[in-house]
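**Q** Here it is, the structure in full.
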Amino acid sequence: MGSGHSHSHGGADHHGQRGKLLLVFGITFTVMLAEILGTVLTGSLALLADAGHMFTDSAGLLIAVIAASLALKPATHTRTWGYKRAEIIAAAGQAALLLGVGGFVIVEGIRRLFAPPEVGGSLMLWFGVIGLAGNAVGLVVLASGRHHNFNMKAAFLEVLNDALGSIAVIVAALVIALTGWTRADAVVSLLIGALIIPRTLSLLRDTVNVLMESTPPGLDLAKVREHILALPHVIDVHDLHASLVASGVPVLSAHVTVQDQCMRDGHSASILADLQRCVAKDFDVSIEHSTFQIEPAAHRDQESIQH
């Protein structure tokens, strides 16, 4: 059996990610407190709803901070990958929270169409602007890292969700202040719900695929099999599996059957090197963590289970 390793187990800058997440968490939590104050002063249900979004998103960001911190822990004999999958679990939890927020927005928006609340439009506008300013800073902080892993992507969506909520508050406040049409709050809230849910479902799908150990996106296992079978002296390949441990950490394993003489003349070592080079360099998804079991042709009849 042979394996290809990279001592870094992924090159994500978890220290930098944790710092960004802490900063954005502080901003989001502060804006949430400001909107709660605004609710008390204006009686605005829209501000209260947006403060509720902020509370949910603050909790999600706190989860993301904890996950980024756990990702810094080294691997042990009992957790050989460390806590890298914590970011996947955290992102799935955040997606579930966002789905709850989106559902709440839609239900509350429908209710307000039939029973629009009385609100103070001018103060509501100012607190909406404060919220949007805080969200804008958070989006700038997270923008460069949102493609690094699921955890950062989920955090970015949290803040984007907040920004949409703040824009809704501003739009509703302007319409109410200029026209007195209080149902504007409900209409804008329904629009936000329609924007939140598709993005959240996409994130939830991606994280569930990782937890289900699906093949990494962009990796065609049929082509991997073809490349392996095309290598000299390789007769067959079976038990071929590929998955993601965490963002940017794909792994692959396989049983590779070679000609019997390769096991006797020492040629199996060069075949192993060719296999590792193949999966690391020949595909769009570079797999540095690969494990191959090299078997002689005579061993095929002794295989009891194949996948």
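The opening residue of the sequence shown carries number 1 in the numbering used here; numbering runs sequentially from there. C-beta: ideal position from N, C-alpha, C; glycine also. Everything numeric in this text was worked out from a predicted model, so none of it was measured.
(1) Do F127 and A34 have their beta-carbon atoms positioned less than 8 Å apart in this structure?
(2) Would you mind giving the Cβ-Cβ distance between C278 and H238, rounded to the nearest angstrom? I have them listed as a contact below 8 Å.
(3) Work out the CA separation of P250 and E288 for me, nearest whole Å.
(4) Taking all protein chains shown into account, decide if K84 is buried (16 or more other Cβ within 10 angstroms of its Cβ) or exposed.
(5) Within 10 Å of its beta-carbon, does S268 have 16 or more other beta-carbons around it, so buried, or fewer, so exposed?
(6) Could you tell me whether the stretch 220-235 touches the stretch 134-146, where touching means 3 or more Cβ pairs closer than 8 Å?
(7) Please work out which residues of its chain come closer than 6 Å, Cβ to Cβ, to F97, disregarding the five sequence neighbours upstream and downstream, and give them in chain order.
(8) Quick one: what does DSSP say P250 is sitting in, helix, strand or coil?
(9) Could you round the C-beta distance between H53 and D162 to whole angstroms and report it? I think they count as a contact, below 8 Å.
(10) Could you spell out where the beta strand (DSSP E) holding H299 opens and where it closes?
(11) Please determine, among S270, L164, A273, the residue with the shortest C-alpha to C-alpha distance to G138.
(12) Can you tell which of L157, I176, E213, L211 has the C-alpha that lies nearest to the C-alpha of I192?
(13) Taking the straight line between their C-alpha atoms, what separation do you get for G26 and I106?
(14) Quick one: Cα of I89 to Cα of S69, how far?
(15) For D284, is the classification buried or exposed, using 16 other Cβ atoms within 10 angstroms of its Cβ as the cut-off for buried?
(16) If you scan the stretch 196-257 from start to end, which runs of the beta strand (DSSP E) of 3 or more residues do you find wholly inside it?
(17) Look at T207 and A92 and say whether their C-beta atoms are less than 8 Å apart.
(18) Secondary structure at D308, three-state DSSP: helix, strand or coil?
(19) Is it the case that the stretch 170-182 contacts the stretch 62-76, given that we only count it when at least three CB pairs across the two stretches are under 8 Å?
(20) Nearest to E87 by CA position, among T291, L62, D220, is which residue?
(21) Considering only the beta carbon of each residue, do P296 and M263 sit closer than 8 Å?
(22) When you compare only the Cα positions, how much space is there between A64 and A155?
(23) I need the straight-line Cα distance from L275 to F292, nearest angstrom please.
(24) Figure out for me which residue from A246, L47, T257 has the closest Cα to the Cα of V169.
(25) Give me the Cβ distance between V24 and L142, rounded to the nearest whole Å; I'm assuming they're in contact under 8 Å.
**A** The answer reads as follows:
(1) Remark: C-beta atoms of A34 and F127 approach each other more closely than 8 Å.
(2) Not a contact, Cβ separation roughly 16 Å.
(3) 8 Å
(4) buried
(5) buried
(6) no
(7) The question names Phe, but residue 97 is Leu in the sequence shown. Answer for L97: T56, G60, listed in chain order.
(8) strand
(9) 6 Å
(10) Per DSSP, H299 lies in no beta strand (DSSP E) and is assigned neither H nor E.
(11) L164
(12) L157
(13) 27 Å
(14) Cα to Cα, the separation comes out at about 13 Å.
(15) Around the CB of D284, fewer than 16 other CB atoms lie within 10 Å, so the residue is classed as exposed.
(16) 234-246
(17) yes
(18) Within the shown structure, residues of the chain are numbered from 1 to 307, placing residue 308 beyond reach of any answer.
(19) no
(20) Looking from the CA of E87, the closest CA among T291, L62, D220 belongs to L62.
(21) yes
(22) 7 Å
(23) 8 Å
(24) Nearest option by C-alpha distance: L47.
(25) 6 Å
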